[in-house]
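Under the numbering used here, the sequence shown has 176 at position 176, and the numbering climbs by one with no breaks. For each residue, glycine too, the CB sits at the ideal point set by N, CA and C. Working notes for the structure below.
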Amino acid sequence: MSGSNENGKPVVRAGMTVQSLFSSVRMDPLELRVLLEHAIGFTRVKLITHSDHELTEEQARAVSGVLSRRLAGEPVAYIVGFREFYGLPFTVTPDVLIPRPETELLVDLALERLPDRGRLADLGTGSGAIAVSVAAIRPDAEIWATDVSEKALGIARKNAVSNLGEKRSVRFLQGSWFDALEPGSRFDLIVSNPPYIHSGDGHLQQGDLRFEPLSALTDYADGLSALDILIDQAPVWLKKRGWLLMEHGYDQSGAVRKKLAAKGYSQVQSWKDLAGIERVSGGQLPD
1 MSGSNENGKP
11 VVRAGMTVQS
21 LFSSVRMDPL
31 ELRVLLEHAI
41 GFTRVKLITH
51 SDHELTEEQA
61 RAVSGVLSRR
71 LAGEPVAYIV
81 GFREFYGLPF
91 TVTPDVLIPR
101 PETELLVDLA
111 LERLPDRGRL
121 ADLGTGSGAI
131 AVSVAAIRPD
141 AEIWATDVSE
151 KALGIARKNA
161 VSNLGEKRSV
171 RFLQGSWFDA
181 LEPGSRFDLI
191 VSNPPYIHSG
201 DGHLQQGDLR
211 FEPLSALTDY
221 ADGLSALDIL
231 IDQAPVWLKK
241 RGWLLMEHGY
251 DQSGAVRKKL
261 AAKGYSQVQS
271 WKDLAGIERV
281 SGGQLPD
């Protein structure tokens, strides 16, 4: 049966059944299911219908490996290599932030405001989750996505091809925020999920965040500097009545709205995620 050795690592042996793993491994059942699907190559349905399947030696080694990694704190998404976002599978590696459900609010708001054949820029795209999700729903739109990291852009390009196909993609550009855009370009909508965690926030040393790229989580300052750049420079790149939408921290909505209003944006407001937290704020460029 499953247990732990003196090093705290799970003991998984050949001959154990799938059901015995669910009974004995102390782990969130959903996470365990995803890890088992990945390790032994079973679908969700097969895990249920073949719960009496006995692990082979190779499968036992694979299961032990993924369980050890997860129990050491490594995010499930990095172990299995993908995370679902907006109903699409996105490849993720430690080079990119793991897409989170609360960011789907930003996609919803963007889709509501993107005009027919509109142009959208996603700044700091990471895995490409926002840009690719919008492009999948709105094939008429022109989507640009930027990131300072070439490794991140490599992942984003891969996700664009896998989710959109070779004929429909996103224009990816390398550079820091607006520096990546072509001079004179104008957009109906600029969106971003920038690094907004305060550099001294203890959460950076906890849970999944310990394994994610630090530069995608924090601005190494007060958590507002990237948001300041977006608010200050977006008017140069937005069309008249264009929108700037930004994800931010749970306690930053008031400060972000104040900054947007001071810069002259209209329709300044914040929107709550499913947890009731004001997660996205934005404003519209006046005529």
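Item, Value
"To which residues does DSSP link L181 through a beta bridge?", "According to DSSP, which records beta bridges pairwise, L181 is partnered with nothing at all."
"Short of 7 Å in beta carbon distance, which residues of its chain neighbour V107, apart from the five on each side in sequence? Order them along the chain.", "Y86, I130, S133 and V134"
"Have a look at T56 and V45 and give me their C-alpha separation to the nearest angstrom.", "20 Å"
"Under three-state DSSP, which class holds A262?", "helix"
"In whole angstroms, what separates the C-alpha of S4 from that of D208?", "Residue placement at S4 cannot be trusted, given a pLDDT of 45 that sits under 50; the coordinates are not used to answer."
"Using three-state DSSP, classify G81 as helix, strand or coil.", "coil"
"In chain order, what residues of the same chain have a beta carbon less than 8 Å from the beta carbon of P94, not counting five sequence neighbours either side?", "Y78, F211, E212 and P213"
"K259: which of V25, E31 and I231 sits nearest, CA to CA?", "I231"
"Going by beta carbon distance, what residues of the same chain come within less than 8 Å of G124, once the five residues before and after it are set aside?", "T146, D147, V148, W177, S192, N193, P194, P195, A216 and A226"
"Compare the beta carbon distance of V18 and H50 with 9 Å and say whether it is the shorter of the two.", "yes"
"The beta strand (DSSP E) with E142 in it runs from where to where?", "E142 to D147"
"Helix, strand or coil: which one does DSSP assign to A234?", "helix"
"Count the other C-beta atoms from every protein chain shown that fall within 10 angstroms of the C-beta of Y250, then say buried if there are 16 or more, exposed otherwise.", "exposed"
"With which residues is K272 paired in a DSSP beta bridge?", "E278"
"If I follow the unbroken beta strand (DSSP E) through Q174, where does it start and stop?", "R171 to Q174"
"In terms of residue numbering, what span does the alpha helix (DSSP H) encompassing D108 cover?", "E104 to R113"
"By DSSP, does Q19 sit in helix, in strand, or in coil?", "helix"
"Can you give the Cα-Cα distance for D154 and V170, rounded to whole angstroms?", "The question names Asp, but residue 154 in the sequence shown is Gly. For G154 and V170, the distance between alpha carbons rounds to 12 Å."
"State the Cα-Cα distance for the pair F22 and V66, rounded to the nearest angstrom.", "14 Å"
"Mapping the DSSP letters down to three states, classify V256 as helix, strand or coil.", "helix"
"Check P89 in the structure and name its three-state DSSP category.", "strand"
"By the 10 Å Cβ neighbour count, where 16 or more other Cβ atoms means buried, how is D122 classified, buried or exposed?", "buried"
"Classify V236: buried if its beta carbon has 16 or more other beta carbons within 10 angstroms, exposed otherwise.", "exposed"
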